[in-house]
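In the working numbering, the protein residues as written are 60 to 377. Below you'll find the structure, written out as structure tokens, and then a few comments.
Written out as structure tokens, the structure reads:
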């Protein structure tokens with residue numbers, strides 16, 4: 060397997076992208092080889108890798124393969140407890156490269172991945188299965204409030220904000236308000252209201268979940284909270300965060316950071332999808348072939364109308 064090659068998206072350095080062949084490491088007895096069908100582009104973490112603004116992060120070095128939203132089929136199962144060949148799985152990235160770094164290593168036509176990192180997915184999801192990582196992230200953010208306390212305000216109506224709003228409703232909470240300043244992103248709500256913050260008179264929110272990634276808004280959130288209110292920061296922030304102490308003190312505010320989703324979050328999301336309480340439909344706005352991945356990445360990072368871009372690798376695998 061040492062000579063196994065795969066086409067991959069490679070950030071050679073900040074601002075420089077190539078679609079080229081990379082080498083995969085030898086498979087260990089616990090690894091599977093996965094032929095990737097689709098990968099999603101994250102406009103949060105991957106944009107920071109692209110611009111070179113990613114804060115110090117374990118394993119960060121160029122050249123690197125980005126991506127942690129991959130779906131494919133098992134081509135070679137592991138030697139002991141392998142998922143059967145042909146099974147469709149979700150792949151949350153890979154470090155199985157011999158000549159490039161993997162951060163997060165999912166954007167390639169073929170990946171070497173430990174079998175215990177793979178998650179079987181329902182066939183009917185097709186390319187929507189790439190959204191499982193974001194859905195698990197959304198569930199984890201909600202869980203930071205405690206599942207008996209749901210966010211009543213979500214800031215940002217990108218893919219993650221939409222998933223948080225859908226999950227609140229799926230879990231039995233009241234429909235949250237969602238703030239979004241970009242008019243082109245104010246549509247597409249499912250059972251909840253999307254408004255500009257300037258048009259919202261409320262100042263008694265109990266639980267605010269921010270997915271905007273804009274740390275300069277923190278004082279605005281605090282001013283809109285009621286006594287004992289909580290904020291969960293679920294975006295990724297490349298600048299230091301600060302806030303005015305007195306308003307937070309008066310409200311006895313709590314600020315918490317949502318980190319990496321866990322396997323239990325993904326399991327919970329899959330259960331909600333199976334029970335038809337949560338839909339991933341309508342969240343993928345753009346699709347591209349792998350051969351056109353370079354302009355697709357530029358569009359995903361630069362076009363605010365691009366909610367979620369998916370790269371199709373299947374023609375490379377056929």
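Don't be surprised by glycine CBs; every beta carbon is placed ideally from N, CA and C.
Meets three-Cβ-pair contact criterion under 8 Å: the region 344-354 and the region 313-332: no
Short CB-CB distance (under 9 Å) between residue 254 and chain D: No chain D is part of this structure, which consists of one protein chain only.
C-alpha gap between residue 68 and residue 306, whole angstroms: 46 Å
Residue 90 - partner residues in DSSP beta bridges: 173
Rounded C-alpha distance that separates residue 161 from residue 150: 13 Å
Whole runs of the beta strand (DSSP E) within the region 335-369, excluding any shorter than 3 residues: 345-348
Cβ pair count under 8 Å reaching 3, the region 106-116 against the region 167-185: no
C-alpha gap between residue 271 and residue 257, whole angstroms: 16 Å
Whole runs of the beta strand (DSSP E) within the region 260-337, excluding any shorter than 3 residues: 264-269, 284-292, 313-316
Check whether residue 347 and residue 371 have beta carbons under 9 Å apart: yes
Start-to-end residues for the alpha helix (DSSP H) that takes in residue 184: Note, residue 184: premise wrong, no alpha helix (DSSP H); not H, not E.
Element boundaries [beta strand (DSSP E), containing residue 133]: 129-135
Proximity of residue 249 and residue 239 at Cβ, strictly below 9 Å: no
Inter-stretch contact (C-beta, 8 Å, three-pair minimum) for the region 152-159 and the region 133-142: no
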